[in-house]
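J.: Protein chains in written order, with my numbering: chain D, 1142 to 1545; chain B, 451 to 541.
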Amino acid sequence: MDELFQSRRMWRRHELKPHYDVAIVGAGVHGLATAYYLAKEHGVRKVALLEKGYLGCGSSGRNTAILRSNYRTVEGIPFYELSLKLYEQMSAELGWNVLFSQCGHLTLAHNDSGVAGLRVRAENNQLLGVDSRIIYPAEIRRLVPALDVSSGAHWPILAALYHPPGGIIRHDAVVWGYARACDALGVEIHPFTEVTGMETARGRVERVRTTRGDLAAGAVVNCTAGWASTVSQMAGVPLPIVTHPLQACVTEPLKPFLHHVIVSATLHVYVNQTDKGELVIGAEIDPYQSYSFRGTLPTLEQMATYTLELFPQLHGLRVLRQWAGVCDITPDFAPIIGRAEDVVNFYMDVGWGTYGFKAAPGSGKLLAALIATGRAPELLEPFAPGRFRQGRLVGEKAAAAVSH
Amino acid sequence: MSFLIPCPHCGPRSVYEFRFGGEARKRPAPEADAAAWAEYLHVRRNAAGVQTEWWFHRAGCRQWFQAERHTVTNHVRRAFRVEEETGRDAL
Ligand SMILES: Cc1cc2nc3c(=O)[nH]c(=O)nc-3n(C[C@H](O)[C@H](O)[C@H](O)COP(=O)(O)OP(=O)(O)OC[C@H]3O[C@@H](n4cnc5c(N)ncnc54)[C@H](O)[C@@H]3O)c2cc1C
Ligand SMILES: [Zn+2]
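Okay, structure coming up:
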């Protein structure tokens, strides 16, 4: 019996070695994707993933798993589109079903400025080849009959940005699929191995201290999302990041009635129905900085209130669970990916805020190329750590703040 | 987790009555160079531990003050009027 289970393990345990080519801190979806592409596309196989908890214990196991590429900026759109395409191929690529359902994604506008914002996005999306367009109440009603599109609603729905390829994936399956593939390529996954400090000298990270011993690495990569600042400080690299909790909840299951992801930035809420029939409801970030994982009643009330504005027929529906994850918010709602300006072997893939799950395959692939070749792929350049010093911010807030 | 903040004017009130103003940082001199100002604008310590931060009592006295809070437990150690602690120069 024992052996049967042994042979089915998706990743093996290892002793920690004194040296690796690349040490990645944080085994969420970003750390895993980076390790996967380093090993698969660049033959860099002495890679260690150092994770303080279990795999997927961070936001990668706490998110609401919405994938889309209908962002606002010319920098963001092709970057997210690359990831969406990679997600479309992922089940085949990993030989592992990640349950990606491209059910379609609607972002609602309830006032004129909201409609104007969606117009900009639709135009930019179409110019860059992303399937995205504005639709109006008659078509919205046809697509989502359950939605209250009456003009008598408190916040009448004037238009929506419709993004057919957007949808929902099984987040745990992505994490486990990558972990399994990494293991097969020789990457070492070290759960319950917390990085506690770093020694730097001559502008390099010379040693990485962990709760299971010290190691050295040619490159050290920070993929710790909500904890990014704490790990970056170990290397003496300051970050323009503030950590906020983000909450979500799930209700008891209902018969299938909602087939799209519905987002309203004005109402600070988004809703979709899972294949099991539950409604997954998300909110905006907590209004203060914190590393706390506790849910709050005011946020639950807000999620319930605004969900009922969109779907009044759901009153009386019971909530099963509520939870929180911690998010690394940047000033421009765009990620920070690249090599630290002053520490030559310290890389980062952070600042993923409330929207990073959808971006993991693309950023992992591009960051792996940067680490392996020393040259930043063009798509990565706008997200370089130096942009804040140079005043070249990206400006993705309008398409990223609540829509995740 | 929601928590209470002991407003120096109004006493303990729900955090949802307040507006969060970010960690307290020292503003560069007006003649400081662009790099110093870029750092002041964007870089944050983002401590996982006790930090001194700004709060505004939106639904109360409508005054700005500072508090020391543990950002992992959300425990507020104390809240105080900045003028009284450090003098106006600190602002
Ligand atoms: C409620 C919620 C809903 C969301 N919804 C969406 C969504 O619909 N779509 C979307 O695209 N994104 C969404 N996000 C955001 C998304 O989940 C994250 O951006 C993404 O998962 C970040 O992945 P990551 O691998 O960078 O970080 P994580 O998965 O958080 O992994 C970081 C890892 O680093 C580890 N770590 C931290 N410190 C150390 C240390 N010192 N040593 C070792 N390990 C350490 C942590 O334990 C953790 O496992 C949501 C987030 C939340 C919280
Ligand atoms: Zn007050």
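Every residue gets a Cβ at the ideal spot worked out from N, C-alpha and C, and that includes glycine.
From this set, D:G1418, D:H1401 and D:G1199, which residue's C-alpha is nearest Y1411 of chain D's C-alpha?
T.: D:H1401
J.: Would R528 of chain B count as contacting chain D if we go by Cβ distances under 9 Å?
T.: no
J.: Is H1183 of chain D closer than 9 Å to A1475 of chain D when the C-beta atoms are compared?
T.: Against a cut-off of 9 Å, the Cβ pair of H1183 of chain D and A1475 of chain D comes out as no contact.
J.: Please state whether the Cβ-Cβ distance between L1208 of chain D and G1308 of chain D is less than 9 Å.
T.: Going by C-beta atoms, L1208 of chain D is nearer than 9 Å to G1308 of chain D.
J.: Is Q516 of chain B near ligand 2, judged by its Cβ being under 8 Å from some heavy atom?
T.: Answer for Q516 of chain B: no, Cβ out of range of ligand 2.
J.: Would V1378 of chain D be called buried (16 or more neighbouring beta carbons within 10 Å of its own) or exposed?
T.: Taking all protein chains shown into account, V1378 of chain D has 16 or more neighbouring C-beta atoms within 10 Å of its C-beta and is therefore buried.
J.: Less than 8 Å between the CB atoms is what I'm expecting for I1382 of chain D and D1469 of chain D, so what's the real figure, rounded?
T.: With a Cβ gap of about 5 Å, I1382 of chain D and D1469 of chain D count as contacting.
J.: For H1401 of chain D, which three-state DSSP category applies?
T.: coil
J.: Got a sec: which bits of the region 1428–1456 of chain D sit with their beta carbon under 7 Å from any beta carbon on chain B, in order along the chain?
T.: P1428, Y1429, Q1430, S1431, Y1432, S1433, R1435, T1437, L1438 and P1439
J.: Do we get a CB-CB distance below 9 Å when we pair F470 of chain B with the residues of chain D?
T.: At a cut-off of 9 Å, the C-beta of F470 of chain B has a neighbouring C-beta in chain D.
J.: Let me know if H1295 of chain D comes out buried or exposed under the rule of 16 or more other beta-carbons within 10 Å of its beta-carbon.
T.: exposed
J.: Using DSSP bridges, identify the partner residues of C1390 of chain D.
T.: D:I1422 and D:Q1463
J.: At least one CB of chain B closer than 9 Å to the CB of Q1112 of chain D: is that the case?
T.: In the structure as shown, chain D starts at 1142 and stops at 1545, and residue 1112 of chain D therefore has no counterpart that could be examined.
J.: At what residue ranges does the region 1229–1300 of chain D contain a whole run of the alpha helix (DSSP H), taking only runs of 4 or more?
T.: Counting only runs of at least 4 residues, the region 1229–1300 of chain D fully encloses the following alpha helix (DSSP H) elements, listed from N- to C-terminal order: 1253–1268 and 1278–1284.
J.: Run through chain B and tell me which residues come within less than 7 Å of T1371 of chain D, C-beta to C-beta.
T.: A498
J.: For ligand 2, I want to know if A510 of chain B counts as a neighbour, meaning its beta carbon is within less than 8 Å of at least one of the ligand's heavy atoms.
T.: Looking at the sequence itself, residue 510 of chain B is Gly, so the reference to Ala does not match. Yes, the beta carbon of G510 of chain B sits closer than 8 Å to at least one heavy atom of ligand 2.
J.: So, is A485 of chain B buried or exposed, given that buried needs 16 or more other C-beta atoms within 10 angstroms?
T.: exposed
J.: When burial is assigned at 16 or more other CB atoms within 10 Å of the CB, is T1392 of chain D buried or exposed?
T.: Buried: at least 16 other Cβ atoms inside 10 Å.
J.: Y1496 of chain D: beta carbon under 8 Å from a heavy atom of ligand 1?
T.: yes
J.: Hey, R477 of chain B and F506 of chain B are a contact pair by Cβ (cut 8 Å); roughly how many whole angstroms apart?
T.: The Cβ separation is near 17 Å, so there is no contact.
J.: Can you tell which of D:C1364, D:T1337, D:L1225 and D:V1361 has the C-alpha that lies nearest to the C-alpha of T1352 of chain D?
T.: D:T1337
J.: Near F1398 of chain D, what residues of its chain come up, given a Cβ to Cβ distance below 8 Å and the 5 sequence neighbours on each side ignored?
T.: A1287 and Q1414
J.: If contacts are defined as beta-carbon pairs under 8 Å, then G1479 of chain D and F1529 of chain D qualify, I think. What distance do you get, rounded to the angstrom?
T.: Contact flag wrong, Cβ pair sits at about 12 Å.
J.: Beta carbon of R463 of chain B: closer than 8 Å to some heavy atom of ligand 2?
T.: Answer for R463 of chain B: yes, Cβ within range of ligand 2.
J.: When the Cα of V1485 of chain D is compared with those of D:V1166, D:R1343 and D:S1200, which residue comes out closest?
T.: D:R1343
J.: Can you tell me whether E1548 of chain D is buried or exposed, with buried defined as 16 or more other CB within 10 angstroms of its CB?
T.: Nothing can be reported for residue 1548 of chain D, as the shown portion of chain D is limited to 1142 through 1545.
J.: At which residues does the beta strand (DSSP E) containing L1356 of chain D begin and terminate?
T.: G1354 to N1363
J.: From which residue to which residue does the beta strand (DSSP E) around P456 of chain B run?
T.: Its beta strand (DSSP E) spans residues L454 to C457.
J.: Go ahead and pull the three-state DSSP assignment for P462 of chain B.
T.: When secondary structure is reduced to three states using DSSP, P462 of chain B falls in the strand class.
J.: Report buried or exposed for Y1195 of chain D, applying the criterion of at least 16 other Cβ atoms within 10 angstroms of its Cβ.
T.: exposed
J.: Against I1579 of chain D, what residues of chain B qualify as contacts under a CB-to-CB distance less than 7 Å, listed in chain order?
T.: Examination of residue 1579 of chain D is not possible in this model, given that chain D is present from 1142 through 1545 alone.
J.: Residues of chain D with a CB under 9 Å from the CB of A482 of chain B: which are they?
T.: By Cβ distance, chain D contributes nothing, its closest Cβ being about 14 Å from A482 of chain B, past 9 Å.
J.: Which residues bound the beta strand (DSSP E) around G471 of chain B?
T.: R469 to E473
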